[in-house]
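For reference, the structure discussed in these notes is given below.
Protein chains: 2
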Amino acid sequence: MVAGPTSVGPGKDRLRLWIRLLRASRTIEAELRERLKKEFDTTLPRFDVMAALYRSPEGMLMSDLSRFLLVSNGNVTGIVDRLVSEGLVTRARRNGDRRTSMVRLTEEGSKAFAAIAAAHESWVGELLGTVSEDEARRLTGMLKSFRSNWEGRE
Amino acid sequence: MVAGPTSVGPGKDRLRLWIRLLRASRTIEAELRERLKKEFDTTLPRFDVMAALYRSPEGMLMSDLSRFLLVSNGNVTGIVDRLVSEGLVTRARRNGDRRTSMVRLTEEGSKAFAAIAAAHESWVGELLGTVSEDEARRLTGMLKSFRSNWEGRE
DNA sequence: TTATAAAACTTCAAGCTTGAAATAATTGCC
DNA sequence: GGCAATTATTTCAAGCTTGAAGTTTTATAA
């Protein structure tokens with residue numbers, strides 16, 4: 001997924017775009033992962049889960065998390081397990097539907113997340129610093145239209 | 001890495017861009033991974049390694065692969081191990097420098113890759129079909145300038 | 001009611017990934 | 001030559017990831 005097309009022709013422009021997109025996100029992701037580990041001794045998946053929960057003080061179901069984060073159900077189980085054992089998150093069985101459990105940030109988790117998120121935002125600002133604000137908005141617009149087209153496919 | 005910023009302010013545009021970028025590449029990556037598995041019983045990392053080797057008939061060192069694919073050394077070891085056991089790749093100790101080994105596609109590997117790559121390219125064309133050719137080129141240009149700025153940082 | 005299906009999760013095996021530590025070979029310096 | 005530093009690679013533990021199979025609970029419908 002990282003090697004480029006060697007020939008030319010129709011369809012190659014999209015392949016080129018895909019390869020660039022993937023390389024850019026892998027590059028940034030690797031840098032963020034490394035800093036999260038070094039500065040906060042945490043991981044990207046844990047950060048993702050906490051970010052989702054931070055936006056939902058009322059809590060989220062495991063399946064909500066899975067859908068929102070675009071990862072599998074079993075995956076979320078493991079990440080939440082670890083966050084629970086670190087005291088950053090709670091998993092509460094519900095009375096209404098005993099199959100589900102509501103996942104929430106603890107007080108400690110919420111405080112920890114706020115600090116990490118601030119650093120994270122400034123890192124992204126730094127790493128994407130060479131992209132002008134204007135360009136950033138245009139790129140975002142294109143990706144947004146990609147997303148809505150994607151969601152509307154059969 | 002997937003949740004969005006909730007507030008506004010300077011720096012938020014780049015954060016928004018990053019989140020969109022990551023969601024787009026994860027979405028496409030997941031789809032490609034699934035199809036590679038279903039149609040060819042292979043994985044994205046194996047495909048990546050084969051793609052790199054396909055461009056270098058003379059072969060690549062493990063460290064070349066690692067650098068080119070943006071993954072760790074130890075990671076490449078495992079993927080190449082599996083490709084070797086599948087008969088798609090060879091690892092030849094060199095006489096010049098016995099620390100290194102030259103990795104090459106086998107005849108079979110080369111044939112297999114060509115078939116997969118053709119499908120892969122058409123999938124990407126399909127999945128990015130809603131991005132116009134013109135937009136694709138502009139986006140690629142922006143990502144290219146991001147890349148060269150990145151490589152030129154201290 | 002009471003099977004049957006559907007939904008929410010968890011468990012598991014296999015593979016991917018990193019970073020650190022270990023091996024082995026080469027290079028540079030005295 | 002001999003020895004320290006460097007380079008190329010492998011090994012390993014811990015964690016991430018998926019898809020499939022299993023468990024428990026809820027909904028459906030004859």
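Which chain is which? The protein sequence lines are A and B, in order. Note that my numbering has the first sequence beginning at 1, numbered continuously upward. Note that my numbering has the second sequence beginning at 1, numbered continuously upward. Cβ coordinates follow ideal geometry from the N, Cα and C atoms, glycine included. Values in this document were obtained by computation on a predicted structure and should not be read as measured data.
Fully contained in the stretch 66 to 100 of chain A are the following beta strand (DSSP E) runs of length 3 or more, in chain order: 89 to 93. Nearest to B/Val84 by C-alpha distance, out of B/Asn95, B/Ser110, B/Val71 and B/Trp150, is B/Ser110. At a C-beta separation below 7 Å, A/Val124 has these neighbours in chain B: Arg14, Leu15 and Trp18.
Against chain B, the CB of A/Gly74 has no partner CB under 8 Å away; the residue lies outside that interface.
Residue burial is scored here from C-beta neighbours: B/Asp134 has fewer than 16 other C-beta atoms within 10 angstroms and is therefore classed as exposed. Check the Cα spacing between A/Leu44 and each of A/Arg138, A/Tyr54 and A/Arg33: the tightest is with A/Arg33. Under DSSP, B/Met62 forms no beta bridge with any residue. The beta carbon of A/Ala136 falls within 8 Å of a beta carbon belonging to chain B, placing the residue at that interface. In the displayed model, B/Leu127 falls within a helix according to three-state DSSP. Taking a C-beta distance under 8 Å as the contact criterion, A/Val89 and A/Leu69 do not qualify as a contact pair. One thing to note: A/Met62 has its Cβ within 8 Å of the Cβ of A/Val80.
For A/Met142, the nearest CB of chain B lies under 8 Å from its own CB, placing it at the interface with that chain.
Rounded to the nearest angstrom, the gap between the Cα atoms of A/Ile28 and A/Leu127 is 7 Å. Nearest CB-CB separation between B/Glu34 and chain A: not below the 8 Å threshold.
Taking the Cβ atoms as the reference, A/Arg14 lies roughly 6 Å from B/Val124, within the contact range of under 8 Å.
For A/Thr43, no Cβ of chain B is located within less than 8 Å of the residue's own Cβ. Rounded to whole angstroms, the separation of the alpha carbons of A/Arg91 and B/Ala52 is 44 Å.
When the Cα atoms are used, B/Phe146 and A/Ser25 turn out to be separated by approximately 11 Å. Look at B/Arg104 here: in three-state DSSP terms it is strand. Chain B has a Cβ within less than 8 Å of the Cβ of A/Phe146.
For B/Arg104, no chain A residue has a C-beta closer than 7 Å to its own C-beta; the minimum C-beta separation is roughly 15 Å. Contacts between A/Ser25 and chain B, judged by CB atoms closer than 7 Å, involve Leu21, Leu22 and Ser25 in chain order. Each residue's CA atom was taken as its position, placing B/Gly152 and A/Thr130 some 11 Å apart. Residues of chain A whose Cβ lies closer than 8 Å to the Cβ of B/Thr130 are, in chain order, Ser145, Phe146, Asn149 and Trp150. Going by beta carbons, B/Leu139 and A/Leu22 fall outside the 8 Å limit. The C-beta of A/Glu121 comes closer than 8 Å to at least one C-beta of chain B. For the stretch 76 to 108 of chain A, the beta-carbon criterion of a distance under 8 Å to any beta-carbon of chain B is satisfied by none of its residues.
Counting along the chain, the unbroken alpha helix (DSSP H) around B/Pro45 starts and ends at Leu44 to Tyr54.
Exposure of A/Ala118 is indicated by the presence of fewer than 16 other C-beta atoms within 10 angstroms of its C-beta.
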